[in-house]
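**Student:** One structure, as C-alpha cells, below. Some questions next.
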Ligand SMILES: *[C@@H]1O[C@H](CO)[C@@H](O)[C@H](O)[C@H]1NC(C)=O
Ligand SMILES: *[C@@H]1O[C@H](CO)[C@@H](O)[C@H](O)[C@H]1NC(C)=O
Ligand SMILES: *[C@@H]1O[C@H](CO)[C@@H](O)[C@H](O)[C@H]1NC(C)=O
Ligand SMILES: *[C@@H]1O[C@H](CO)[C@@H](O)[C@H](O)[C@H]1NC(C)=O
Ligand SMILES: *[C@@H]1O[C@H](CO)[C@@H](O)[C@H](O)[C@H]1NC(C)=O
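Numbering (mature numbering (1 follows the signal peptide of the UniProt record, and there is no 0)), first residue to last: -20 to -1, 1 to 450.
Spelled out as C-alpha cells, the structure:
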C-alpha cells in the first residue's frame, strides 16, 4: 500500500472524526435561571437571569405577580440553578422566541426547597407548554426534571404556570428550551398492536414526554457527558435478572454512520455498554432478557431501542427477536445487514398502547436464525416517551381551558383592563391639551403626533391582549 493512500486514509479519518465530534449547537437555546438576579453556569452552559433589571429581554411576563425566592441553605452539591426559584400566585408566562421551527426540547427544573416564607413542597399548580397540558394538579416533593419534545411552528413558545386556585402557589427553578437535533424525531415508526405490526406516521408532530431513558449495562450518563444534555440512568431497576445474560463494555470507537443513529441521537457512553445473551456451547440458550418500565395508562408510548453490536466477533452472527408488551415487534433482527460494520449504532422506534397494568415490557430473545457459539441478543439503551392524549395533555384528562378555569378573564385581567382604560383616558386628555398647545405654537409638530400616539396605543393593546388570555 502506497504512502499517499495511507495519508489520505489518515486524513479523511481525522477529518470525519473531527466533524462528528463537533459539539451540537442548537439554533434556539434559551436557558433561564428563574428567580435569580444573576446568571448561573451549569456544566459550562449559561442560564440567564429572569430579572428585568439584569436581563431586559427576559422571557418572563407579568413579573409583578411573582416572587423571587432564594434557598437559604442549598445542598453543597446542588447546581446553582437550584439555589433560587420563582414563585407564582397567579397564572404567569415565559415566552421565548423561536427562530428555528421544528422539534424543540423543553426541560423544566423543580427543586422544592423550604425558605422562611414558603414551603415549595406545598405548591400545587398546572404547567402548560404552548397548547399542551404538561402537568396538572402537580406537586413535587423532591428534585425533578421534566422533559418534553414539542413541534413548534410559531415564532414563539410559551410556558404557562397556573396555581390550581387562589391561595395556591406555582414555582419553577430553571427552564431550558432548545432546538432538538434535526434527526432526533423521525416521522415514522412501527405500531405494535393486536399482535401485528404496521407503519405509524406523523410521529414528528406528536407531543412527547420523556418517561424513562436508560443506559443498558452501563453507568449513569449525566448532561455533562451527553451531546444534548440528557440524563441516562442505569437499567438495573428495570431489568428482570437473567442468569444467562451478561453485561459487556466496549472501549473501541463507536462507528457512527450516515443514516444510522448520530451522536446527538444517543451518545457513545450509551452505545459502548450493553447486556447480551451469548451461547458458549453448541446449544443456543432458551432465555430472554426482559425489561419492565412503569408507565401511566391511557396514553400511547414511543419505545426507542438502541442497538450497537459491540459484542460479536464477526459480522453476520447475531440474530434476535424483539417483543414489546409480549407481542413480536421485530423478528430475526440482523444488525450487520443494517450497518455493515460492527460497533455501528442503530435505533428502532415502536409505538405501543400502554396495557392496563401500567407497564411497557421489552424482551430481547433468540431468533430462529440465532447461532451457536455467538451472541444471540443485545440491547444498549432504551427510551420510553409518552404521547399526549386526545385532550392534548400528558397528565390526566384536563385540557388547557380547564386548567385556567379558576382564573377567569376578569380575575387577572381586571387590573390590566383598568390600567388600560386609565391610560387611554390620560392619553386622550393629554392629546387634547397638546393639540391646543401645539396649535398655538407651531403647526409643524402636528405631523409627529400621530406616530407617537399609535406607538403608545400599540403597547397598551399588546399588554391587554396578553392579560386577556387568562
Ligand atoms: C388535585 O389533587 C388533590 C389531592 O390529590 C385532590 O384532592 C383534588 O381533587 C385534585 N384536583 C383536581 C382538579 O383533580
Ligand atoms: C463524564 O465521563 C467520564 C468518562 O466516563 C467520567 O470520568 C466523568 O466522571 C463524567 N463526568 C460527569 C460529570 O458525569
Ligand atoms: C421469551 O419471550 C417470548 C415473548 O414474550 C415468549 O414467547 C417466549 O416463550 C420466551 N422464551 C422463554 C425461554 O422464556
Ligand atoms: C421459529 O420456528 C418455529 C418452528 O419452525 C416456528 O413455529 C416459530 O413461529 C418461529 N418463530 C418465529 C418468531 O418466527
Ligand atoms: C396530541 O395533541 C395534538 C394536538 O396538539 C392532537 O392533534 C393529537 O391527536 C394528540 N395525540 C393523541 C394521541 O391524541
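C-beta atoms are modelled at their ideal positions from N, C-alpha and C, and glycine is treated no differently.
As the structure is a computational prediction, the values presented were derived from the model and not from experiment.
Please state if the CB of residue 233 and the CB of residue 196 are separated by a distance shorter than 7 Å.
**Tutor:** no
**Student:** With distances taken from CA atoms, which of 116, 208, 153, 245 is nearest residue 90?
**Tutor:** 153
**Student:** Using beta-carbon positions only, say whether residue 451 and residue 129 come within less than 7 Å of one another.
**Tutor:** An answer regarding residue 451 cannot be provided, because it is not within the stretch -20 to 450 covered by the chain.
**Student:** Measuring only between beta-carbons, confirm whether residue 116 sits less than 7 Å from chain B.
**Tutor:** The structure shown contains no chain B; it holds only a single protein chain.
**Student:** Between residue 167 and residue 179, what straight-line distance do the alpha-carbon atoms span, to the nearest angstrom?
**Tutor:** 10 Å
**Student:** Identify the residues that DSSP records as bridge partners of residue 12: which are they?
**Tutor:** Per DSSP, 28, 155.
**Student:** List in chain order the residues whose CB is within less than 5 Å of at least one heavy atom of ligand 4.
**Tutor:** 311, 348
**Student:** With C-beta atoms as the reference, is residue 107 less than 7 Å away from residue 366?
**Tutor:** no
**Student:** Pick helix, strand or coil for residue 384, following the three-state DSSP scheme.
**Tutor:** If DSSP states are grouped into helix, strand and coil, residue 384 belongs with coil.
**Student:** Look at the alpha carbon of residue 413 and the alpha carbon of residue 44, and state the distance between them as a whole number of angstroms.
**Tutor:** Caution applies to residue 413, whose pLDDT of 47 falls short of 50 and renders its modelled position unreliable; the model cannot decide the point.
**Student:** Can you look up residue 392 in the DSSP assignment and give me helix, strand or coil?
**Tutor:** Note that residue 392 has pLDDT 45, beneath the 50 cutoff, so the model's placement of it is unreliable and no number is given.
**Student:** Ligand 3 and residue 176: does any heavy atom of the ligand fall closer than 6 Å to the residue's C-beta?
**Tutor:** no
**Student:** Nearest by alpha-carbon distance to residue 285: which of 330, 96, 104 is it?
**Tutor:** Just measuring C-alpha positions, the residue of 330, 96, 104 sitting nearest residue 285 is 330.
**Student:** What's the call for residue 7, buried or exposed, on a 16-neighbour Cβ count within 10 Å?
**Tutor:** exposed
**Student:** Answer yes or no: do residue 48 and residue 66 have a C-beta to C-beta separation smaller than 7 Å?
**Tutor:** yes
**Student:** Would you kindly work out how many angstroms separate the C-alpha atoms of residue 181 and residue 169, rounded to a whole number?
**Tutor:** 7 Å
**Student:** How is residue 303 classed by DSSP in three states: helix, strand or coil?
**Tutor:** strand
**Student:** Taking only the alpha-carbon atoms, compute the straight-line gap between residue 46 and residue 64 and give it to the nearest angstrom.
**Tutor:** 13 Å
**Student:** Since residue 126 and residue 87 should fall inside the 8 Å C-beta cutoff, what is the C-beta to C-beta distance between them, to a whole number of angstroms?
**Tutor:** Right, their Cβ atoms sit about 7 Å apart.
**Student:** Tell me whether residue 357 counts as near ligand 3, meaning its Cβ is closer than 6 Å to at least one heavy atom of that ligand.
**Tutor:** no
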